[in-house]
């Protein structure tokens, strides 16, 4: 086989494993960014973090937020809720960053799945 | 409120569901930190005794709920990598979960669904009375899935995956399970209405039809558990080490395998034979 084609096929194999590893890593992080609270389900993302930060300047108790299914959920203690979602966000994204860097550094299929 | 997990296991000559259910239960109990009960039958318990896992089972399961083995002629093609065989599926009594569960809030899982994270803990207190796995999430990509993996038929409604079902002991949930049972008992009739293939009974379809009916014949966003991350039966569980599962993932045309590994992620492993081959290593993880 032509060496150039062999190199392309080798890279293709590497890339497919890389894609699966990245997908399962994203799954793991997505799980950590799901937060069940007071009967509702929240996805901790930029929208939620920003919105909670903004409204916490206006009111700290008895705030109603829409959850991931657009159901209204009463948040009695907004500061505690804010602390929790920020804490989970930092933990999840730091883990994502570290494990993604590890993936990017892995230059062979063996290292990707190690 | 009591919370717990329910698993079903009815052994067949081809597949050791007793072993799979023990692994699934042990992992779920360890990672969700709630008790697990098993619905099974006398012959499967006898097999546990013969295969020396009964003692382990009685320590993992809070309750062994013994029922009559369902009578079924369900046969399905199952792959083990590139090998295919027809195997009996004895799983048509899943609608009895509402009556049998000892818990107020129950997570019902298939015995080939392995929980390695606490993701589903976030759903214990969700207001919905019944939640079902919203779709399949192929570990490789969507390229390997067909229309019938997403819908109950070419012209049908969304296919939910009863691999994971969470429910409360409420009148609404009871109505749901009664409806699943009714769909099962009138499977041909509902196949005519919803245009699905009725040659084999499939829990996923009965649950999907029941959800569709009780949602008011519309597609609602509520009542959904996360998509079920899945390796297909043509994929192979190649090794189990420490907390890591390594798979050989079949490419869409099946011309080669791609290695991949997972840690700390819930996974539905359709290749049951490869689970059984690694049974002892998986049992060490619980």
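Residue numbers (the numbering used here), protein chains in the order written: chain A, 1036 to 1149; chain B, 8 to 293. Think of the CB as a built atom: it goes at the ideal place given N, C-alpha and C, for glycine as much as any other residue. Bear in mind the structure is a predicted one, so any value in this text is a computation, not a measurement.
According to DSSP, residues forming a beta bridge with residue 1222 of chain A = This structure leaves residue 1222 of chain A out entirely; chain A is present only between 1036 and 1149.
ask   = Between A/1077, A/1044, A/1045, which lies nearest to residue 233 of chain B when the distance is taken from Cα to Cα?
value = A/1077
task = Identify each residue in the stretch 1123 to 1142 of chain A for which the Cβ-Cβ distance to at least one residue of chain B is less than 7 Å, and report them in chain order.
result = For the stretch 1123 to 1142 of chain A, the set of positions with a beta-carbon nearer than 7 Å to some beta-carbon of chain B is empty.
message = Taking the alpha carbon of residue 26 of chain B as the reference point, which residue from B/44, B/236, B/51 has its own alpha carbon closest?
response = B/51
ask   = The beta strand (DSSP E) spanning residue 44 of chain B covers which residue range?
value = 43 to 47
request  = Grab me the residues of residue 1126 of chain A's own chain with a C-beta within less than 8 Å of its C-beta, minus the 5 sequence neighbours each way, in chain order.
outcome  = Correct list, in chain order: 1067.
ask   = Near residue 150 of chain B, which residues of its chain fall below 7 Å by C-beta distance, leaving aside the five closest residues on each side in sequence?
value = 259
inquiry  = If I measure Cβ to Cβ from residue 237 of chain B and keep anything under 7 Å in the same chain, skipping five residues before and after, which residues do I get?
reply    = 143, 144, 145, 146, 275, 277
query = Between which two residues does the beta strand (DSSP E) harbouring residue 169 of chain B extend?
reply = 168 to 175 is the extent of the beta strand (DSSP E) around residue 169 of chain B.
task = Using a threshold of 8 Å, state whether the C-beta atoms of residue 39 of chain B and residue 72 of chain B are closer than that.
result = no
Reduced DSSP category for residue 260 of chain B - H, G, I as helix; E, B as strand; rest coil = coil
key: Sequence-distant residues of the same chain with beta carbon closer than 6 Å to residue 239 of chain B, five excluded per side   = 277
inquiry  = I need the straight-line Cα distance from residue 1081 of chain A to residue 127 of chain B, nearest angstrom please.
reply    = 22 Å
query = According to DSSP, is residue 1149 of chain A helix, strand or coil?
reply = In the structure shown, residue 1149 of chain A sits in coil (DSSP, three-state: anything other than H, G, I, E or B).
inquiry  = Would residue 262 of chain B and residue 1071 of chain A be called neighbours here (beta carbons separated by less than 8 Å)?
reply    = no
ask   = Using 8 Å as the Cβ pair cut-off and three pairs as the minimum, do the stretch 100 to 119 of chain B and the stretch 174 to 182 of chain B touch?
value = With the cut-off at 8 Å, the stretch 100 to 119 of chain B and the stretch 174 to 182 of chain B touch.
query = Which chain B residues are close to residue 1082 of chain A, counting only those with a beta carbon under 8 Å from its beta carbon?
reply = Ordered by position in chain B, no residue passes the 8 Å Cβ test against residue 1082 of chain A, which lies about 17 Å from the chain.
ask   = Going along the chain, which residues of its own chain have a beta-carbon closer than 6 Å to the beta-carbon of residue 1131 of chain A, five neighbours each way excluded?
value = 1064
request  = Please compile the residues from chain B whose C-beta is within a distance smaller than 7 Å of the C-beta of residue 1055 of chain A.
outcome  = Near residue 1055 of chain A (Cβ distances below 7 Å), the residues of chain B are 146, 147, 256, 265, 267.
ask   = Out of curiosity, what's the CA-to-CA distance linking residue 1074 of chain A and residue 1108 of chain A?
value = 7 Å
ask   = Among the residues of its own chain, which have a CB less than 6 Å from the CB of residue 54 of chain B, if the five just before and after it don't count?
value = If you ignore the 5 residues before and after residue 54 of chain B, its C-beta comes within less than 6 Å of the C-beta of 18, 25, all in its own chain and listed in chain order.
message = Less than 8 Å between the C-beta atoms of residue 34 of chain B and residue 293 of chain B, yes or no?
response = Cβ distance < 8 Å, so residue 34 of chain B and residue 293 of chain B count as in contact.
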